[in-house]
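Participant: Just dropping this structure here.
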Amino acid sequence: MAVLFSPFSLRDVTFKNRIAVSPMSQYRAVDGHANDWHRVHLGRFALGGAGLVYAEATGVEAAGRRTHGDLGLWTDAQIEGLRPIADFINREGSVPGIQLGHAGRKASERRPWHGETPVDDEDVAERGEAPWQAIAPSPLPYAEGWPEPVEVSEDDIARVIDAFGVAAKRAKEAGFKIIEIYAAHGFLVHQFLSPISNKRSDKWGGSAENRRRFALEVAKSVRANWPEAYPLAFRLSATDWLDGGIDVEETIETARALKAEGVDMIDCSTGGIGGKQRPHRMKIEQGFQVPFAAEIREKADIATMAVGFLWDAKHCEELLVAENADMIALAREILDDPNWPLHAAQELSADEGHAMWPVESGWWLMKRERLLSKLGIR
Ligand SMILES: Cc1cc2nc3c(=O)[nH]c(=O)nc-3n(C[C@H](O)[C@H](O)[C@H](O)COP(=O)(O)O)c2cc1C
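In terms of this note's numbering, the sequence shown opens at residue 249 and continues consecutively.
Printed below as a string of structure tokens:
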């Protein structure tokens, strides 16, 4: 049996295989509420055989959304739109997960196809979407041309930490079984972790220990509001790819500290902190972030998820066999083919007779295959 299709458990939750759908913002929510778009978008991945389906970056407070179209869990009313999604994914044999985040200084941004630049009066005129004030550990804009965020006060910090916990409770109410905290790609938790964006001289900045305090407090707040039986993951940027930024050694220490707070898995991405420096040229190739998942897994002794430029089933199988990671996550490849897990199972000879498919399609496909083979067509 291929490792890719072997079950994997964290706490009391078992994934039927090692394939996760990476969180993917859809920018289709209205006031943070999920709708039919999210239901169909996420539901098709459950039908496609993924073991874990993550809902996109979901704001723990309204000001923590990246765009006007982001999902949110800052009010109880937002639970209702998410519940049928989690229920459907669960019923179809996959594990429903949700990514909780706060955009910090990356808030009030235009959707990718509107430019990924700050929202301004033009958006008010075109779509009735007004800009809002972003917050950050330090008053440093995300990039040139971006507005200055407001430096967070002790009260802001306490409020946002609490908001993560309350959102976790709502995620449980909605039926999700794993939470991933978005602590990568220049979102607020990453802004605290990275010395590029965190210039504070109080207990929340300076040393690595101080910079990771916010992440650990978020983990504590979520753990206090999330069932013991359910796993908690963090998505980290293992490196900032910048001089003076986070490197993998520091991330290994962060992973160790998170594990001590009840975090079960690290989803290993990289980059995204922004700022004035240009990132070092990273060689982008198939699985270029896998070495980070391998090193963090080995040195921090914690489960890892590999992500980024993965598409080939045999390659994914090999990286799992080599114990570089415990799970793999796909974003663009599974957008291209939501049935990727089912096709990968055929490629790896892990699914005889389309048995892994939902019977409503698998039965027909199995019959067709037999007929085609009998007729010698293929
Ligand atoms: C449409 C789209 C939306 C994304 N939204 C998120 C998100 O909400 N949270 C996140 O952590 N990463 C997000 N990402 C990044 C992916 O989760 C993933 O890490 C990245 O695309 C690399 O994986 P890939 O090469 O399989 O696409 C998004 C990517 C895409 C393509």
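Beta carbons are placed, not taken as given, at the ideal position from N, Cα and C, and that holds for glycine.
#1: List the DSSP bridge partners of I429.
#2: Which one of A305, R331, I333 has the shortest CA to CA distance from G320?
#3: Just to confirm the assignment: which complete alpha helix (DSSP H) runs, minimum length 4, are found wholly within the segment 328-375?
#4: Should S485 be counted as a contact of ligand 1 given a C-beta to heavy atom distance under 6 Å?
#5: Just checking my contact of V538 with A554 at CB under 8 Å: how many whole Å lie between their CB atoms?
#6: Out of F253, L258, V398, A422, which has the shortest C-alpha to C-alpha gap to R323?
#7: When the Cα of P527 is compared with those of S270, D279, E617, T487, which residue comes out closest?
#8: Leaving out the 5 sequence neighbours to the left and right, which residues in its chain are closer than 7 Å to S270 when beta-carbon positions are compared?
#9: Following a CB-centred definition, is S270 positioned closer than 6 Å to any heavy atom of ligand 1?
#10: Excluding the five sequence neighbours on either side, which residues of its own chain have a C-beta within less than 6 Å of the C-beta of L207, listed in chain order?
#11: Answer with buried or exposed for W489, where buried requires no fewer than 16 other C-beta atoms within 10 angstroms of its C-beta.
#12: Below 8 Å, can you find three or more Cβ-Cβ pairs linking the segment 414-428 to the segment 346-362?
#13: Rounded to whole angstroms, how far is the Cβ of A232 from the Cβ of E565, which I believe are closer than 8 Å?
#14: Would the segment 489-498 count as touching the segment 278-285 if we require 3 or more Cβ pairs under 8 Å?
#15: Hey, could you find the ends of the beta strand (DSSP E) L258 is sitting in?
#16: Should P366 be labelled buried (16 or more other beta-carbon atoms within 10 Å of its own) or exposed?
#17: Three-state secondary structure (DSSP) at L300?
#18: Would you say V555 touches ligand 1, meaning its beta carbon is less than 6 Å from a heavy atom?
#19: With a 10 Å radius around its C-beta and 16 neighbouring C-beta atoms as the bar for buried, classify Q534 as buried or exposed.
#20: Comparing alpha-carbon positions, which option in G297, G296, A298, Q326 lies nearest A310?
#21: So, helix, strand or coil for S651, using DSSP?
#22: Which residues in the same chain as G410 place their Cβ atom closer than 7 Å to its Cβ, once the five residues preceding and following it in sequence are excluded?
#23: Taking a contact to mean a Cβ-Cβ separation below 7 Å, would you say D515 touches A551 in this structure?
Facilitator: Reading from the atomic positions:
#1: I429 is bridged to L348, F482.
#2: It is A305.
#3: DSSP runs (the alpha helix (DSSP H)) wholly in the segment 328-375: 369-375.
#4: Result no, Cβ not under 6 Å from ligand 1.
#5: Yes, V538 and A554 are in contact; Cβ-Cβ is about 5 Å, under 8 Å.
#6: Before going further, note that residue 323 is Thr rather than Arg in the sequence given. Looking at F253, L258, V398, A422, the one whose alpha-carbon comes closest to that of T323 is A422.
#7: Nearest of S270, D279, E617, T487 to P527, Cα basis: T487.
#8: Take S270, set aside five residues on each side of it, and the residues of its chain with a beta-carbon closer than 7 Å to its own are Y302, V555, A577, L578, A579, in chain order.
#9: Yes.
#10: Outside the shown range of the chain, which is 249 to 626, sits residue 207, and nothing can be said about it.
#11: W489 counts as buried, since no fewer than 16 other beta carbons sit within 10 angstroms of its beta carbon.
#12: Yes, they touch.
#13: Outside the shown range of the chain, which is 249 to 626, sits residue 232, and nothing can be said about it.
#14: With contact defined as three or more Cβ pairs closer than 8 Å, the segment 489-498 and the segment 278-285 are not in contact.
#15: First-last of the beta strand (DSSP E) with L258: 256-258.
#16: Per the 10 Å Cβ criterion, buried.
#17: If DSSP states are grouped into helix, strand and coil, L300 belongs with the strands.
#18: For ligand 1, at least one heavy atom lies less than 6 Å from the Cβ of V555.
#19: That one is exposed.
#20: The candidate whose alpha carbon is nearest that of A310 is Q326.
#21: Any answer about residue 651 is impossible in this case: the structure gives the chain only from 249 up to 626.
#22: Note that residue 410 is Asp in the sequence shown, not Gly. Excluding its 5 nearest sequence neighbours in each direction, D410 has C-beta neighbours in its own chain below 7 Å: S469, listed in chain order.
#23: One thing to note: D515 has its Cβ no nearer than 7 Å to the Cβ of A551.
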